[in-house]
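All residue numbers in the sequence shown are consecutive under the numbering used here, ending with 1030. Glycine included, every Cβ here is placed at the ideal spot set by N, Cα and C. Taking it in order: structure first as structure tokens, then the write-up.
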Amino acid sequence: MEFRLLGAVSVATEVGELPLGPAKRRSLLAALLLRPNHPVPVDQLTAALWDHEPPPQARSVIQGHVSRLRVLFAGADAEMFGVELVTRNAAYVLRMPESLLDAHRFEELVTLARGQRVPADAVSMFQEALSLWQGPALTGAYPSQPLQAAAHALEELRLTTVELLAGGYTRMGEHARAAAVLRAEAAVHPLRESLSAGLVRALQRAGRRSEALDWFHRTRRLLADELGVDPGRELADAYAVVLRGEHDDEPQAPAPVPHPAPGTAQMAPAGLHPGTIDLLPRMPRGFHGRAGELTALSRAAAGEAPVCLVTGPAGVGKTALVVHWAHHNRDRFPGGLLYADLRGFSDTGEPTLVEVLREFLLALGVAPRRIPESAGAASALFRSLAADRQLLVVLDNARGSEQVRDLLPGGTRCVTVVTSRDRLRGLIASDAARPVPVDVLEPEDSTALLAAVLGKERVLAEAVAARRLAELCGGLPLALRVTAARLADQPDRSLSTMSTELSDESRRLSLLDVEDTGVRAALRLTVHRLPADAARHFAHLGRYPGTHVDRYTAAALAGTGLAAADAALDRLTAAHLVTRTAPDRWMLHDLVRLYARDLDTDAGTLVRVLDHGVATALAAADAAEPGDESCFTLPADFHPPCAVREFADREQAMAWYAAERDDLTLAVAAAHAAGLHSRTWRLALALWPQIVWRVRDGWAPVLETALEAARADADPRAQSRILALLGWVLTEEGRTQEALVHLEAAPALASRAGDPRGEATALVNLSLAQAALGSPDEAAEGCARAARLACGAGDWHTERLALYHLTRHQLDTAQWQAALDTSAAAQALGDASDTSVASRVLLRTAAGEALLGMGEEAEGIRRLDAAAREAEACGYDDGAVRALGVLLRVSADVELQVRYDTAVMRLLERS
């Protein structure tokens, strides 16, 4: 099996290509393949499939394409190859061995070729890598901006490889072949000066001087006509070689560019290119990946006098990215390259505006005595000198917009690149700065960074441990470099030992500090710049046991109102300490979370957020099952949150349960670990509407934790409720003998606690296990007793539940009329407006089955179809499958089969 991006987006198998279908589906697959084994959020997939405003049904369209891809993968036995398309929260992950992806093999071959000492071996590998290309990358996908950027990045890698291949031929002395390779690409990319320069040199070495001169002049005219620029240094140097009639067999390295000495004027001597003005730091070592960010920076730098704003969290590698890009684009700036570290997040203090301008003016040739003393005059002189130059100005580590504005050159041909840990929204508003966000590294680039410091052999020898180190560092370049430095200092220390030590959260941040450099130091400087209220909210966020927070959770953690939480989250987002993943969802990088946790000294933080979770889950339960009795009372020391989310209806409540399921489960575990037993079992029990709705979603572990907490709390009522719920879950999972042990104990505990409703529920759940084990009469008797108990307690919800299961037992024993009567009695109970969708659907389905058994087929089909359509309309897939499954026993209708298959597929997607 092979996944292809280098050409048409396709999936090849032994029996041919999979029929991927329309461009949108290919685009979805391409977006997943560009980040294999990594969650791709739905909003990123939406951006890849639609350029402008997506349609209202965009999410449903994406789900449909995902479902179709899963069907195609299943038909191709993709699991045999380790391929699986899974759902993770509001994202999808394409799990696969990356060796199945042509783009991955291409980059591996190029990396291996670069390391070859024998030119012929390198040429062979470069040729093999280029043979993987079957046309322009991502052909057949929708040309959205994200996919076009990815295709452009891949094309850049291909062209660079072509140039490397030509270099290999040159080292072998095969100059004609080098020229042939370069000419083919230079004809297609006539404005790429590196190709033309290489071709001119190759033609000269091959003894074809007139062709070399002709190609240079052709390119020079094209650059003048299309871009209005002269040839850059590389192409000009190649032309000079031809004019001198030299026959160098090796590509010539460019002459080093002199740097002006600090505090002195740097004038360009007569005949010397003004590009010698260069204040850039040295090229960063071990730089890997970032193709997308480099492309985005190049695009942002296009146009007239652009200001590019490179932002990201501390330690993510903003400076390395910008300096790397600047070195590789120096030919675009013949007027000079200026750089200043504004030290906006430093212990050493910020330079004054006059100090920065003085360095810039000295570099531009202004004599020291002519530099104005006032910042305003110096800024004006800088702008006037820059007006006619083609300058690059890099302003690194800016604290705020006001620190930058007087350093903007303003010349129409100048480009300014600003880096900051803050989003600098003011600079975007006042100067139309173009944001270029920088995120953490992908796993492959993270391990490549480790290999650059430790050597490929050491990383390849412990590939799994290297990958784990990348995960523990969260893809943060600063953390990876510190880890690599520790390992480089101890060559006998294994990567697996280091990964084991980093797995200990209590030590991780200490291990990621070395001397005065490290994650903790970088974060400390960022937090130091925060307002006091935002810093306090940040510290409390570290105690949250889940992965995402909303404004209500942030308020509960800090014990504040929503307005204060909103303001703090906005400031933390701007400082890149939290990342906004949805309109009301934020997350912290793992290392940031650990740092925040160390700052929190409030012992009540965890209790507050657990009580917030209990309160919100109860509000959701009230909306999901209106009128139903709460399954527990609040503890005496309960901390009511300042604000609790409101739910308009069942749909909103169930959507919240689905979105928060993982975090609520983590909260149960955190409460249990902290010995907060009363919170542990209450939080687990508050999940009951979702457990009922999605009973086969693997609830047993969280309920077993709740049972342990209830026993530690010595609460028989809680024990009974949990045993009944756990026993039902185990019965539905087919673990009936295990379930029976719990279910047989539940009614007696409820009776002892004076809980007739809980006793009735326990008896109903016990009847399910009894029926499954072949005791239908005993099961029916238990349901009848449960109905009487619930009726006596005035609880029609539980009475209806008992009558429904009595109906099921009657259906199983072919008591059709009794089943119809019992289902009718159940439906007559209570207020119809307070009846849950699940209850209505199941009772109507049972009545339909009874009517079919009595021979009243038309009426039975009508009721079953009504039940199925209601279930489908509200997303109750279990109910839809049950009703449609009964209908299919008496009808071979094709539409019914399609509806049944769709409901089943949705169930499988959740499992």
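Legend entry - C-alpha gap between Gly390 and Gly436, whole angstroms: Your numbering for residue 390 matches position 271 in the sequence shown. Your numbering for residue 436 matches position 317 in the sequence shown. Any reading at Gly390 must be qualified, since the residue scores a pLDDT of 28, below 50, and its modelled position is unreliable; no value is offered.
Legend entry - Alpha-carbon spacing of Thr698 relative to Cys902, whole angstroms: By 1-based counting over the sequence shown, the position of residue 698 is 579. By 1-based counting over the sequence shown, the position of residue 902 is 783. If you take the alpha carbons of Thr698 and Cys902, they lie about 51 Å apart.
Inset, instruction - Could you have a look at Glu563 and say whether DSSP puts it in helix, strand or coil? - result: What you label residue 563 is simply residue 444 of the sequence shown in a count that begins at 1. It is helical.
Legend entry - Spatial neighbours of Gln509 in its chain, beta-carbon cut-off 6 Å, leaving aside the 5 residues before and after: Taking the first residue of the sequence shown as 1, we reach residue 509 at position 390. Within the same chain, Gln509 has close Cβ partners Phe452, Pro453, Gly454 and Arg532.
Inset, instruction - Decide if Ala193 is buried, meaning its Cβ has at least 16 other Cβ atoms within 10 Å, or exposed. - result: Residue mapping note: residue 193 aligns to position 74 of the sequence shown, counting from 1. Under this definition Ala193 is an exposed residue.
Inset, instruction - Would you kindly check if the distance between the Cβ of Leu962 and the Cβ of Tyr73 is under 9 Å? - result: Absent from the model: residue 73. The displayed extent of the chain is 120 to 1030, so no value can be given.
Inset, instruction - Can you give me the start and stop residues for the beta strand (DSSP E) that Glu203 sits inside? - result: Within the sequence shown, numbered from 1, the residue matching residue 203 stands at position 84. Its beta strand (DSSP E) spans residues Glu203 to Arg207.
Legend entry - Ala424: first and last residue of the uninterrupted beta strand (DSSP E) it sits in: On the sequence shown, residue 424 is found 305 positions in, with the first residue counted as 1. It is not in any beta strand (DSSP E) - Ala424 carries neither H nor E in the DSSP assignment.
Inset, instruction - Would you list the one or two residues that DSSP bridges to Thr538? - result: Counting from 1 along the sequence shown, the entry for residue 538 is found at position 419. Answer is Val429, bridged to Thr538.
Inset, instruction - Put Val435 into one of helix, strand or coil per three-state DSSP. - result: Here residue 435 is taken as the residue at index 316 of the sequence shown, counted from 1. Val435: coil per DSSP, three-state reduction.
Legend entry - Contact under 9 Å by Cβ, Leu342 with Glu312: For the purposes of this step, residue 342 is identified with residue 223 of the sequence shown, where counting begins at 1. For the purposes of this step, residue 312 is identified with residue 193 of the sequence shown, where counting begins at 1. Yes; because the gap between Cβ atoms is below 9 Å, this pair is in contact.
Legend entry - Coil, strand or helix - Pro175 by DSSP: Taking the first residue of the sequence shown as 1, we reach residue 175 at position 56. Pro175: coil per DSSP, three-state reduction.
Legend entry - For Gly455: DSSP bridge partner residues: Position 336 of the sequence shown holds residue 455. DSSP, once it has assigned bridges, lists Leu510 as partnering Gly455.
Inset, instruction - For Arg337, count neighbouring Cβ atoms within 10 angstroms of its own Cβ and tell me buried if that reaches 16, exposed if not. - result: If you number the sequence shown from 1, residue 337 lands on position 218. So Arg337 ends up on the exposed side.
Inset, instruction - Closer than 6 Å by C-beta to Leu868: which residues in its own chain qualify, once you throw out the five before and the five after it? Chain order, please. - result: Numbered from its first residue, the sequence shown carries residue 868 at position 749. Only Pro835, Gln838 and Ser839 meet the Cβ criterion.
Inset, instruction - Please look up how many angstroms separate the CB atoms of Pro528 and Arg502, rounded, as I've assumed it's under 8 Å. - result: Taking the sequence shown and counting its residues from 1, the one referred to as residue 528 is at position 409. Taking the sequence shown and counting its residues from 1, the one referred to as residue 502 is at position 383. Their Cβ separation, rounded to whole angstroms, is 6 Å, which keeps Pro528 and Arg502 in contact under 8 Å.
Inset, instruction - Hey, could you find the ends of the alpha helix (DSSP H) Ala482 is sitting in? - result: As a first step, residue 482 must be located in the sequence shown, where it is residue number 363. Unbroken alpha helix (DSSP H) run through Ala482: Leu472 to Ala482.
Inset, instruction - In angstroms with no decimal places, state the Cα-to-Cα distance between Thr619 and Ala755. - result: Here residue 619 is taken as the residue at index 500 of the sequence shown, counted from 1. Here residue 755 is taken as the residue at index 636 of the sequence shown, counted from 1. Taking the straight line from one Cα to the other gives about 42 Å.
Legend entry - Extent of the continuous beta strand (DSSP E) to which Met215 belongs: The count along the sequence shown starts at 1 and reaches residue 215 at position 96. That residue, Met215, is in no beta strand (DSSP E); it is neither H nor E in DSSP.
Legend entry - contact_flag[the region 598–617, the region 571–578] where n(CB pairs < 8 Å) is 3 or more: The region 598–617 makes contact with the region 571–578, as at least three CB pairs between them are under 8 Å.
Inset, instruction - Please classify Pro262: is it buried, with 16 or more other beta-carbons within 10 angstroms of its beta-carbon, or exposed? - result: Locating residue 262 in the sequence shown gives position 143, counting from the first residue. Pro262 counts as exposed, since fewer than 16 other beta carbons sit within 10 angstroms of its beta carbon.
Legend entry - Short Cβ contact (9 Å threshold) for Leu826 with Leu802: Within the sequence shown, the letter at position 707 stands for residue 826. Within the sequence shown, the letter at position 683 stands for residue 802. Result no, Cβ atoms of Leu826 and Leu802 do not sit closer than 9 Å.
Legend entry - Local conformation of Ser618 per DSSP, three classes: Translated into the one-based positions of the sequence shown, residue 618 becomes position 499. Per DSSP, reduced to three states, the secondary structure at Ser618 is helical.
Legend entry - Backbone CA spacing between Arg544 and Ala686 [nearest angstrom]: Along the sequence shown, one-based indexing puts residue 544 at 425. Along the sequence shown, one-based indexing puts residue 686 at 567. If you take the alpha carbons of Arg544 and Ala686, they lie about 15 Å apart.
Inset, instruction - Please check the pair Leu428 and Arg553, which I expect to be a contact at CB under 8 Å, by giving their CB distance rounded to whole angstroms. - result: Along the sequence shown, one-based indexing puts residue 428 at 309. Along the sequence shown, one-based indexing puts residue 553 at 434. Correct: roughly 6 Å between the Cβ atoms.
Inset, instruction - Excluding the 5 residues preceding and the 5 following Pro309 in the sequence, name in chain order all residues of the same chain whose CB lies nearer than 6 Å to its CB. - result: Here the question's residue 309 lines up with position 190 in the sequence shown. Around Pro309: Leu341.
Inset, instruction - Can you give me the start and stop residues for the alpha helix (DSSP H) that Val811 sits inside? - result: On the sequence shown, residue 811 is found 692 positions in, with the first residue counted as 1. From DSSP, the alpha helix (DSSP H) with Val811 extends over Trp807 to Trp812.
Inset, instruction - Determine, using beta carbons only, whether Leu806 and Ala899 come nearer to each other than 9 Å. - result: Along the sequence shown, read from residue 1 onward, the residue named residue 806 stands at position 687. Along the sequence shown, read from residue 1 onward, the residue named residue 899 stands at position 780. Going by C-beta atoms, Leu806 is not nearer than 9 Å to Ala899.
Legend entry - Gly732 burial status per 10 Å Cβ neighbour count (16 or more: buried): If you number the sequence shown from 1, residue 732 lands on position 613. Here Gly732 is buried. Its C-beta has 16 or more other C-beta atoms within 10 Å.
Inset, instruction - Would you identify the three-state DSSP class for Arg716, choosing helix, strand or coil? - result: Reading the sequence shown from its first residue, position 597 is the one you call residue 716. Reduced to three states, the DSSP call for Arg716 is helix.
Inset, instruction - Can you give me the Cβ contacts of Gln253 inside the same chain, cut-off strictly under 8 Å, excluding the 5 residues immediately before and after it? - result: Looking up residue 253 in the sequence shown gives position 134. Within the same chain, Gln253 has close Cβ partners Arg123, Leu125, Gly126 and Ala127.
Inset, instruction - With distances taken Cα to Cα, identify the nearest neighbour of Val360 among Thr720, Asp730 and Ala321. - result: For the purposes of this step, residue 360 is taken as residue 241 along the sequence shown, with counting starting at 1. The option with the nearest alpha carbon to Val360 is Ala321.
Inset, instruction - Output the boundary residues of the beta strand (DSSP E) element that contains Ala701. - result: Taking the sequence shown and counting its residues from 1, one reaches residue 701 at position 582. Boundaries of the beta strand (DSSP E) harbouring Ala701: Thr698 to Ala701, taken from the DSSP string.
Legend entry - Alpha-carbon spacing of Arg727 relative to Ala675, whole angstroms: Position 608 of the sequence shown, counted from the start, is the residue given in the question as residue 727. Position 556 of the sequence shown, counted from the start, is the residue given in the question as residue 675. Cα to Cα, the separation comes out at about 6 Å.
Inset, instruction - Determine, using beta-carbon pairs with one atom in the region 188–206 and one in the region 273–289, whether at least three such pairs fall under 8 Å. - result: By the Cβ rule, the region 188–206 does not count as touching the region 273–289, because fewer than three pairs are nearer than 8 Å.
Legend entry - Nearest candidate by alpha-carbon position, reference Trp818, set Gly794, Val848 and His796: Taking the first residue of the sequence shown as position 1, residue 818 is located at position 699. The shortest C-alpha separation from Trp818 is found at Val848.
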